[in-house]
Amino acid sequence: MGESKKRVSKGEEPRRGTGAVPARLGTYYESTVPDTLDLAERARLGLHHFDSITNASSDYEMSFYGDFRTHPASMGPLATAVLGGCQEKAWEAIAYERLMTGSTQNLDREAKMVDMLASMLAEDGLQWISCDVTKKPWIKIPEPCVGGQEPMMEGMIVWYQYTGDQVWKQRIDRMVEGMEKLVVHKDDYAYIPVIGYIPGEYYQSCYVKRGWKDTSEPVNEKAGEEGSLFNQQGNNPDAMANWYMLTGNEHALRLSGQLVRFYTKPKFWADWEGGEYPHVAGAEHAHWQGHFHGHLQTLKAILRYAIATNDERLKEFIRDGYEWARQAGFARIGYVGDGQGCGTGRLIGLAVMLSYHGVGDYWEDVDQYIRNHGTEMQFTPEDKEFLNRLSEGGSPPQNAPGIFTDDVVDRAIGGYAGSPDKTSFALCCSARGNMGLFYAWDGTVRHQDGTAQINLLLNRASPWLDIDSYLPYEGKVVVRNKTAREVFVRIPLWVDRKAVRCTVGPKEASNRWFDNRLRFTELRPGDVLTIRFPMVEKTEEWVVPRIAGDKGPEMQVHTCKFKGNTLAEISPPLVPGSPLYQRSYFLKNEAPMKKVTRFVSPLTLKW
Ligand SMILES: [Zn+2]
């Protein structure tokens, strides 16, 4: 099992520019592995989704929304929120997923979509949303404007690393310069105004050719699109601090720091009407209320700057903010925020980043999130029956330009649900949800100088070792060593350490614990480590507060059957009609096997 590795293809040279060919970056082989959670296979679904919702007839724009309650299921319309926001996030996720899977499908279409995004970059370095109605009649803005720059900048930073193409570096450097036009400097900080010319939710705060309409300083966090300053612009310091760390661009770091000093002002934190708990200075500990995604991305941005400048006080601020974020909802499965598919992806990103940089050890959290809400909100082929049933008896879709009704159920597969009843997908959710897959995949195994660290017991191929995980069917993990001399394996919290048995090849190995990690040394290429422990099945009762926007009672007791960290059954469902967590097949005690093509690349991305 798992040994039948043969090389099935070798990549050719990519064309330069936007269409990098993943095959250049790694090698492929076939392997028989346990049919358990496989993030690379989930990423393959993600790529299918992003390609399927890219409309060649609409200048390669992606559909923003899919609805399975209409008959037939429908998607669209093309929306002003796509460009300058969600599509760039999807574009970032695509690079991650090409690297996870090595998939070379639809690269030509992808290249045209990338060219379209790049064509929006102007001489001043900024990404302008064009209102050329002859080309894009669905963009309802009266004049060209500048929306958020950070989705494009973050996308370009990833594509620069993924393709190695210097053209992205030039474009990012130019965008950093262009950002000066958008910020207002004051004392030691800078801010981006949030009131502007353009009507419509997503364009209330746009910079146009004549500049800002109003440059007054935001007084609280509740201004801007979706009522959140942080949602509108809070991740700008993230991209710029990351760019500094990658290339040493001092200007980017300076701007990042000026914005961070603004976003960390006490007026933006602990700002709810009822006040704070007694004896707690919430604004010093990143307590917050309001827009979940906005706060999460701003926490991650501040953390990036804290890492770039080694600011330990800011790091602690973000640790508190992360732990605060997981108090609402049901963090045991990553069901937090506003119930959208994007929330868990963001939470995974922040938890992984905090763990990478030693601000905390949140791998148990990540394991809980990715085995549950971080993947359960993704549409998989198994959802098709449910989605088709939903659509039966639905009302006809709106008849408007940009509404598509062909194969919508199939095109949704790989996307993420916009709500826990799984009745719709949204591009923001698909993008961030798929990024969550990458963050957990990236964190599963890390390597440096011959030492590998396995943080999550998930299926994973890598240049250093491959992991075959039989969880949650069996308490069994097989590590197939390639190049590592030493391996640390983090064992989940629920495992009884006294019952753990390890073998290296046919030989029993003694357990050497380093905190919650098992250590193996003097390994040789080809060594096979097998770790076994009893699975734990538990029925737990949890009081789950209603999540903003959801239906149902304010507090609901749910009976949950867990196997390890995997939620196999829940009763009643999270929200009425939700198909999530009907996974009693996980209660079986033998993992099914399947044949997959594994892809490994030595390239690691700094995200
Ligand atoms: Zn979303």
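Mind the numbering: the sequence shown is residues -17 to 589 in the working numbering, read in order. Ideal Cβ positions, reconstructed from N, Cα and C, are used throughout, including at glycine. Note that the coordinates shown come from a computational prediction; the quantities given were computed from them, not determined experimentally.
Indicate the three-state DSSP secondary structure (helix, strand or coil) for residue i in the structure shown.
i      : result
Asn493 : coil
His273 : coil
Gly331 : helix
Ile139 : helix
Gln240 : helix
Thr548 : strand
Asn224 : helix
Asn370 : helix
Lys614 : Past the edges of the chain, shown from -17 to 589, lies residue 614, and the structure says nothing about it.
His30  : helix
Val201 : coil
Thr0   : Since pLDDT at Thr0 reaches only 44, below the 50 mark, its modelled position is unreliable, and no value is offered.
Asp347 : helix
Leu211 : helix
Met95  : helix
Gln279 : helix
Ala573 : coil
Gln152 : helix
Tyr452 : coil
Arg462 : strand
Leu21  : helix
Quick one: Cα of residue i to Cα of residue j, how far?
i      : j      : result
His511 : Thr357 : It is worth fixing the name first, because residue 511 is Leu in this sequence and not His. Roughly 27 Å between the two C-alpha positions.
Ile513 : Val391 : 40 Å
Val518 : Arg565 : 16 Å
Leu27  : Leu369 : 16 Å
Phe496 : Ala290 : 29 Å
Trp260 : Ala307 : Residue identity check: residue 260 is Pro in the sequence provided, not Trp. Near 19 Å, if we compare the C-alpha coordinates of Ala307 and Pro260.
Gly327 : Asn416 : 7 Å
Lys464 : Met537 : 50 Å
Val15  : Lys576 : 6 Å
Thr614 : Asn547 : Residue 614 lies beyond the range of the chain shown here (-17 to 589); nothing can be said about it.
Trp110 : Lys247 : 30 Å
Pro574 : Leu440 : 15 Å
Thr503 : Val469 : 7 Å
Tyr173 : Ile385 : 38 Å
Arg6   : Arg442 : 20 Å
Arg528 : His275 : 17 Å
Arg156 : Gly130 : 15 Å
Ile76  : Phe244 : 32 Å
Leu281 : Glu232 : 22 Å
Ile593 : Ser401 : Residue 593 lies beyond the range of the chain shown here (-17 to 589); nothing can be said about it.
Gln322 : Cys411 : 6 Å
Asp431 : Leu447 : 13 Å
Tyr287 : Ala382 : 44 Å
Gly311 : Trp270 : 15 Å
Pro554 : Phe568 : 19 Å
Ala22  : Leu65  : 27 Å
Examine chain C for any beta-carbon lying closer than 7 Å to the beta-carbon of residue i, and answer yes or no.
i      : result
Asp365 : Protein chain content of the structure displayed is limited to a single chain, and chain C is not contained in it.
Just to confirm, are residue i and residue j a CB contact at a threshold of 7 Å?
i      : j      : result
Trp345 : Arg428 : no
Arg158 : Ala283 : Reading off the sequence shown, one finds Val at residue 158, where the question assumed Arg. Not a contact, by the Cβ cut-off of 7 Å.
Asp49  : Ser560 : no
Val348 : Ala333 : yes
His53  : Ser373 : yes
Gln360 : Tyr421 : no
Gly457 : Phe515 : yes
Gly160 : Gly209 : no
Gly67  : Pro175 : no
Val341 : Lys404 : no
Gln279 : Asn354 : no
Val459 : Ser451 : yes
Between the region 200 to 214 and the region 138 to 156, can you find at least three pairs of beta-carbon atoms closer than 8 Å?
Look at the beta carbons and you see the region 138 to 156 not touching the region 200 to 214: under three pairs across the two are nearer than 8 Å.
Quick test of the definition: if touching needs 3 or more C-beta pairs under 8 Å, does the region 262 to 271 touch the region 194 to 202?
Judged by Cβ distances under 8 Å, the region 262 to 271 makes no contact with the region 194 to 202, as fewer than three pairs qualify.
Kindly confirm or deny that the region 417 to 425 and the region 56 to 75 touch, where touching means at least three C-beta pairs closer than 8 Å.
Touching, yes.
Three or more beta-carbon pairs under 8 Å between the region 91 to 109 and the region 35 to 54, yes or no?
Of all C-beta pairs linking the region 91 to 109 to the region 35 to 54, three or more are shorter than 8 Å, placing the two stretches in contact.
Are at least three pairs of beta-carbons, each pair with one atom in the region 116 to 126 and one in the region 165 to 173, less than 8 Å apart?
No contact exists between the region 116 to 126 and the region 165 to 173.
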